[in-house]
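Peer 1: The structure that follows is given in the form of C-alpha cells.
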Amino acid sequence: MDDEKYFLLQDKSGPTNRGLYTSDKRTTPSQIKFKRAQKFEPKILVWIAISENGISKSFVFAKQKQAVNPITYLDNYIVARLMPFITSHQKKENVLFWPDLASSHYGHNVVQYLDEYICSFI
115 MDDEKYFLLQ DKSGPTNRGL YTSDKRTTPS QIKFKRAQKF EPKILVWIAI
165 SENGISKSFV FAKQKQAVNP ITYLDNYIVA RLMPFITSHQ KKENVLFWPD
215 LASSHYGHNV VQYLDEYICS FI
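Numbering (the numbering used here), first residue to last: 115 to 236.
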C-alpha cells in the first residue's frame, strides 16, 4: 500500500468547520464577519509505502504550491521510493499497483514506466 496525505500547517480543521453562526448578523463585529481567509493554506504532503514486509522511506513535500504533477510523482514517488521498496521487500510478480484517480498517477510517462517495470497495473 502506498498513499499520500496533506497536512495543514495551521491548527484549523477543514473548510466545513470555519462557519460563523449568529442570531443577529447586524450585531456581529466586522473583524469577525469580514475576516480574510487564505485560498490555499500552507500545507505539507507526506507519502509512504507500507507492506507486511516493511515500510518505505517517507517523502515530505514541504513547499506545496500546487498539486503533484506526473513528473514529480514519477521521479520522487515511483522511481526514487516505491520501486526500491518493492525491489527490497516484495516479489514484483506479487505486486498489484492500483493508484487512486489523481491525474498525476495517469500521466503518459507514469503509465509507460509502470507498464515497463511493474507487472500488474490497474
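Just so you know, even glycine gets a beta-carbon here, dropped at the ideal spot from N, CA and C.
Should Arg140 be labelled buried (16 or more other beta-carbon atoms within 10 Å of its own) or exposed?
Peer 2: Burial call: exposed.
Peer 1: For Val182 versus Ser172, is the C-beta distance shorter than 8 Å?
Peer 2: In this structure, Ser172 does not lie closer than 8 Å to Val182 by Cβ.
Peer 1: Assign Glu118 to one of three DSSP states: helix, strand, or coil.
Peer 2: DSSP places Glu118 in strand when its eight states are reduced to three.
Peer 1: List the DSSP bridge partners of Ile158.
Peer 2: BP columns for Ile158 point to Phe121.
Peer 1: Give the DSSP bridge partners of Phe211, in chain order.
Peer 2: According to DSSP, which records beta bridges pairwise, Phe211 is partnered with Phe235.
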